[in-house]
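Novice: Okay, here's the structure, questions in a sec.
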Ligand code: NAD
């Protein structure tokens, strides 16, 4: 079985971006800027934000984290987003989710300038994805497509099953897989908590994408021989971080698979950097 090493691929992407950013900086007089808003003390969010900051720094992107107390009001948070929208040194704005109770995340996401929405969550960018128009694509699914490209595993003409229908992973991933392109053009089935005969649906797939949030949910007998398996899940268990797929058992059947950790997670961050550079280029006219 081929291991789809997201950690290594993300590192290569980061190094490529560093070279590109150095050139762009010299030509346009400033580095790309990313503003990250973190509200409250959620431990997982703190780790994600720290990892994003480190990755930005290494690639030459100036990342400014706004760490805000959970007691912030909706109005204050919206005022910060407006300020960042107007700041010409900021190319991307990322609002780390989930927000503490009482804050309206959808309202905040809709306030972010779609041209700075490097997370691809603004309805404008979601709509553009649906229409197959250029725009910012949600980092986790876009990072997965980038990983498939780097390993030259085209999905064109293949049967893909996405398990999970969240707005940040399942739905946008299904939409990306059904667009035109070698690393799209798939025949897509979306499974979720109400799917009848889920095991049967998964078994028919050449590509399995698991974004469920239940440890080792995808078992060996559910997967077709030779299938490519992409495990999005990050579950904290007594065994440590575990994906949504039973990795050890699937090694016998899958032809290629992402590990957890070191698979989709690092690709999500790499894609954030790619999106931020894309925003920067649009802003400076590169
Ligand atoms: P979510 O909770 O929003 O969605 C989970 C989906 O799984 C839902 O659509 C639901 O219908 C489906 N589901 C739940 N129980 C099911 C069942 N018994 N059978 C079939 N489907 C079922 O989660 P999410 O935000 O999409 O995240 C999914 C997983 O991916 C989580 O473990 C999360 O931590 C991880 N994640 C990882 C990254 C990354 O960068 N690697 C990014 C985002 C999310």
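In my numbering, the protein residues as written are 64 to 349.
All residues carry an ideal CB built from backbone N, CA and C; glycine is no exception.
For clarity, every value in this text was computed on a predicted model and none was experimentally measured.
So residue 171 is in the beta strand (DSSP E); what residue range does that whole segment cover?
Specialist: Segment 168–174 is the alpha helix (DSSP H) holding residue 171; no beta strand (DSSP E) there.
Novice: Ignore the nearest five residues each way along the sequence and tell me which others in residue 302's own chain have a CB closer than 6 Å to its CB.
Specialist: Excluding positions up to five away in sequence, the list is empty.
Novice: Answer yes if the segment 211–218 comes into contact with the segment 179–197, meaning at least three C-beta pairs across the two stretches below 8 Å, and no otherwise.
Specialist: Cβ pair count under 8 Å is below three, so no.
Novice: Tell me whether residue 256, by its Cβ, gets closer than 8 Å to a heavy atom of ligand 1.
Specialist: Yes, since a heavy atom of ligand 1 falls inside the 8 Å radius drawn around the Cβ of residue 256.
Novice: If you drop the 5 nearest sequence neighbours on each side, which residues of the same chain put their C-beta closer than 7 Å to that of residue 130?
Specialist: Hits under 7 Å: 101.
Novice: Could you give the residue range of the beta strand (DSSP E) that holds residue 129?
Specialist: Looking at the DSSP string, the run of the beta strand (DSSP E) that includes residue 129 is 125–131.
Novice: Can you tell me the Cα-Cα spacing of residue 156 and residue 144, whole angstroms?
Specialist: Cα-Cα distance, rounded: 8 Å.
Novice: Going by CA-CA distance only, name the one from 161, 244, 264 that's closest to residue 252.
Specialist: Nearest C-alpha to residue 252: 264.
Novice: Taking only heavy atoms of ligand 1 into account, decide whether any of them is closer than 8 Å to the Cβ of residue 339.
Specialist: No, since every heavy atom of ligand 1 falls outside the 8 Å radius drawn around the Cβ of residue 339.
Novice: When you compare each of 311, 297, 309 to residue 111 by their alpha carbons, which one comes out closest?
Specialist: The shortest Cα separation from residue 111 among 311, 297, 309 belongs to 297.
Novice: With DSSP run on the structure shown, which of helix, strand or coil describes residue 109?
Specialist: Correct three-state label for residue 109: helix.
Novice: Using the Cα positions of residue 276 and residue 92, report the straight-line distance between them to the nearest angstrom.
Specialist: One C-alpha to the other measures close to 43 Å.
Novice: Report yes if the C-beta distance between residue 231 and residue 203 is below 9 Å; otherwise report no.
Specialist: In this structure, residue 203 lies closer than 9 Å to residue 231 by Cβ.
Novice: Taking 8 Å as the limit between beta carbons, can you name the residues of its chain near residue 138, skipping five residues before and five after?
Specialist: Excluding positions up to five away in sequence, the list is empty.
Novice: Could you pull the DSSP bridge partners for residue 266 from this structure?
Specialist: According to DSSP, which records beta bridges pairwise, residue 266 is partnered with nothing at all.
Novice: If you scan the segment 259–338 from start to end, which runs of the alpha helix (DSSP H) of 4 or more residues do you find wholly inside it?
Specialist: Correct list: 261–266, 310–313.
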